[in-house]
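Everything in the sequence shown is counted per numbering that gives the first Met the number 0, starting at 0 for the first residue and increasing by one.
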Amino acid sequence: MSEANEKSNERCIINSRLGAVGGQAVMEGVMMRSKTTVAIAVRQQESKKIVVRKKPSRTIRDRVKLFRLPIIRGIVNFIEMMILSFKTLTASTEMLGIADEEPSKFEKWLEKKFGASLMGFLSVIATILGVFLSLFLFLYLPAGSAKLVDYLTPGELGKGYMSIIEGVMKIAIFVLYIFLTSLIPDIKRVFMYHGSEHKSIFCYESGEELTVENVKKHSRFHPRCGTSFMFVMIILSILISAALPSWTWTYTAVRVLIKVLMLPFIVGIGFEFIMYAGKHNNIFTKIASAPGLWMQRITTKEPDDDMIEVAITSIKTALPEVFPDFEIPFEEKEEDFTQKDISDKEEIKANENI
C-alpha cells in the first residue's frame, strides 16, 4: 500500500472516531459512553483496585425519529445526560463504598421516627431547592442587578446597556461559582479525573495507542465538553435576552419566566454547536469555543498516572467493538450494571493496538 493510501486510511479512522465516545468525571473515576456501552471505572482508595461497571447504552432517539431532528435531539440528549449523570454519580459512590458507610445518629433517628420514605422525600425537596437556587443565581439575580443599576443611575440606561449588565453578571456568577467549587479538595480531584477523561478521548480520537504516556501528551481542554456547553448556553441566553422586547424589563419575574420557557431552545442550539465544534477546526469554532476552553482551565486539572489508567480502562470498556481483547473478570452486580474488578497485580493492557 502506498504512503498516500496509508495516510488516507489513517484520516478515515480518525474521522470516524470523532464524537464516538464522550465522558464525565465521577467520584474517583470516569464514566465513558459510546453508542453501545456506558462504562464507569473507579479506583477504590483502600484496595487501589479499579472497579468497573458497564451497561448497554440506550437512547430514545434510536426509537423515535422525531427525537433525531436538529435542536430536538439536543433537548432529548440533555435530559438523558442529566438522568445518566445522576445514576453514574450514585453508582460511583457505591463502587467506592461511600454508600455503605454507617449512617449518622441523626440519619438513624430520622429513619426510626419517620421511616425511609422521609429520606426520599427530603431528597426530592433538596433537588427542587437546588433547581430554584440555580434559577435565582443565573436568571433572577442578573436581571435584578441590571434593574437595580438602572434605578440607581440618573436617567434610564436603556435596554441595550441593561442587557449588557445582565450578561456580565451572569458570566461573573458562573465563573465565581465554578472557581469557588474548585477550591473544595474532593471537587479538585474530580476535576483531575475530568482532565484524564479529556486527554484519553483526545488520544483515542487522534488514532494513537491508548497508553498512559500517549494520553499524557494530549490537551486537557476539549471543545466537546459540558463546561463549554454551559458557557455556550450562557452566551446564547445573553444574545436572546438582548433581543427580548423592552417591556419585559418592567417585571423581572416575567422576564425570568420567558427565559425559562426559552431554555429548551437554547439547549438545542448549544448542543448543535458543541457537536459541530467537536468535529470542525476552523476560525469560527476556534473563536466561539474559546470562552468554554478557557473555563476548562478551572474545571479540569492535570491528572496523575493512576487517574489516566482509570480513564483508559473506562474508554476501553465503553468500546468493546474497538477493544475486543480487553477482557477482565467480572460478576453481575445488579440488573442494569455489571461490575468488574482489576487488581493491582493485573496490568491494564496498555500496549494493545487500537
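Just so you know, even glycine gets a beta-carbon here, dropped at the ideal spot from N, CA and C.
(request) May I ask you to report which of helix, strand or coil DSSP gives Ile49? (result) On the sequence shown, position 50 is the one that residue 49 refers to. Looking at Ile49 - three-state DSSP - the assignment turns out to be strand.
(request) Flag this pair as yes or no: are the beta carbons of Leu292 and Ser245 separated by less than 8 Å? (result) The residue you call residue 292 lines up with position 293 of the sequence shown. The residue you call residue 245 lines up with position 246 of the sequence shown. In this structure, Ser245 does not lie closer than 8 Å to Leu292 by Cβ.
(request) Kindly indicate if chain C contains any beta-carbon less than 8 Å away from that of Met30. (result) Absent from the structure: chain C. Only one protein chain is present.
(message) For Val266 and Leu238, I'd like the C-alpha separation in whole angstroms.
(response) Translated into positions along the sequence shown, residue 266 becomes position 267. Translated into positions along the sequence shown, residue 238 becomes position 239. C-alpha separation (whole angstroms): 14 Å.
(request) Can you grab the Cα-Cα spacing for the pair Pro328 / Arg52, in whole Å? (result) Within the sequence shown, the letter at position 329 stands for residue 328. Within the sequence shown, the letter at position 53 stands for residue 52. Reliability of the predicted coordinates at Pro328 is poor, the pLDDT of 38 falling under 50, and no value is obtained from them.
(message) Looking at the strands, I want to know which residues DSSP matches up with Thr36.
(response) Counted from its first residue, the sequence shown places residue 36 at position 37. DSSP, once it has assigned bridges, lists Pro55 as partnering Thr36.
(message) If you reduce the DSSP assignment to three classes, tell me which class Gly129 lands in.
(response) Here residue 129 corresponds to residue number 130 of the sequence shown, with the count starting at 1. Three-state result, Gly129: helix.
(request) Express the C-alpha separation of Gly28 and Met306 in angstroms, rounding to a whole number. (result) Along the sequence shown, one-based indexing puts residue 306 at 307. Along the sequence shown, one-based indexing puts residue 28 at 29. Rounded to the nearest angstrom, the two C-alpha atoms are 7 Å apart.
(message) Nearest by alpha-carbon distance to Ala19: which of Ser236, Lys215 and Tyr203 is it?
(response) As a first step, residue 19 is located in the sequence shown; it is residue number 20 there, counting from the start. The candidate whose alpha carbon is nearest that of Ala19 is Tyr203.
(message) My output table needs one value for Arg42: the three-state DSSP class, helix, strand or coil.
(response) As a working mapping, residue 42 is identified with position 43 in the sequence shown. Three-state result, Arg42: strand.
(request) Determine the DSSP secondary structure at Ala276, reduced to helix, strand or coil. (result) As a first step, residue 276 must be located in the sequence shown, where it is residue number 277. Three-state result, Ala276: helix.
(request) Let me know the secondary structure DSSP gives Val358 once reduced to three states. (result) This structure cannot settle anything about residue 358, because the visible part of the chain is limited to 0 through 353.
(request) Report yes if the CB atom of His193 is closer than 8 Å to the CB atom of Ala24, and no otherwise. (result) Counting from one through the sequence shown, the residue named residue 193 turns up at place 194. Counting from one through the sequence shown, the residue named residue 24 turns up at place 25. Yes, the pair counts as a contact, with Cβ atoms nearer than the cut-off.
(message) Between Arg72 and Ser56, how many whole angstroms is the CB-CB distance? I'm expecting something under 8 Å.
(response) Numbered from 1 along the sequence shown, position 73 holds the residue referred to as residue 72. Numbered from 1 along the sequence shown, position 57 holds the residue referred to as residue 56. Actually they are not in contact, since the Cβ atoms of Arg72 and Ser56 sit about 15 Å apart, beyond 8 Å.
(request) Can you say whether Ser15 is buried or exposed, counting buried as having 16 or more other CB atoms within 10 angstroms of its CB? (result) Locating residue 15 in the sequence shown gives position 16, counting from the first residue. Under this definition Ser15 is an exposed residue.
(message) Between the alpha carbons of Phe66 and Ile282, how many angstroms are there, rounded?
(response) By 1-based counting over the sequence shown, the position of residue 66 is 67. By 1-based counting over the sequence shown, the position of residue 282 is 283. Distance between the alpha carbons of Phe66 and Ile282: 30 Å.
(request) Name the residue from Leu243, Met30, Ser240 and Thr299 whose alpha carbon lies nearest to the alpha carbon of Met80. (result) Counted from its first residue, the sequence shown places residue 80 at position 81. Comparing Cα-Cα distances from Met80 to each of Leu243, Met30, Ser240 and Thr299, the minimum goes to Met30.
(request) Could you tell me the distance, in whole angstroms, from the CA atom of Glu330 to the CA atom of Lys48? (result) By 1-based counting over the sequence shown, the position of residue 330 is 331. By 1-based counting over the sequence shown, the position of residue 48 is 49. Caution applies to Glu330, whose pLDDT of 36 falls short of 50 and renders its modelled position unreliable; the value that the coordinates give is listed next. Going by the C-alpha atoms only, they are around 15 Å apart.
(message) Using a Cβ-Cβ cutoff of less than 7 Å, which residues in the same chain neighbour Val253 once the five nearest sequence positions on both sides are dropped?
(response) For the purposes of this step, residue 253 is taken as residue 254 along the sequence shown, with counting starting at 1. Answer for Val253: Thr247, listed in chain order.
(message) Using a Cβ-Cβ cutoff of less than 6 Å, which residues in the same chain neighbour Gly225 once the five nearest sequence positions on both sides are dropped?
(response) Counted from its first residue, the sequence shown places residue 225 at position 226. Nothing listed; no residue qualifies.
(message) So, does the segment 257-272 touch the segment 179-187, judging by three or more C-beta pairs under 8 Å?
(response) no
(message) Looking at the ligand FAD, does it come within less than 7 Å of Asp61, judged from the CB to the closest heavy atom?
(response) The ligand FAD is not part of this structure, which contains no ligands at all.
(message) By the DSSP assignment, the alpha helix (DSSP H) with Leu194 in it spans what residues?
(response) Along the sequence shown, one-based indexing puts residue 194 at 195. Reading off the sequence shown, one finds Gly at residue 194, where the question assumed Leu. Pro184 to Glu204 is the span of the alpha helix (DSSP H), which, as asked, contains Gly194.
(message) Does the segment 159-168 come into contact with the segment 131-141, if we say contact requires no fewer than three beta-carbon pairs (one atom in each stretch) closer than 8 Å?
(response) yes
(message) For a test of the three-state rule: what should DSSP assign to Ser15, helix, strand or coil?
(response) If you number the sequence shown from 1, residue 15 lands on position 16. Reduced to three states, the DSSP call for Ser15 is helix.
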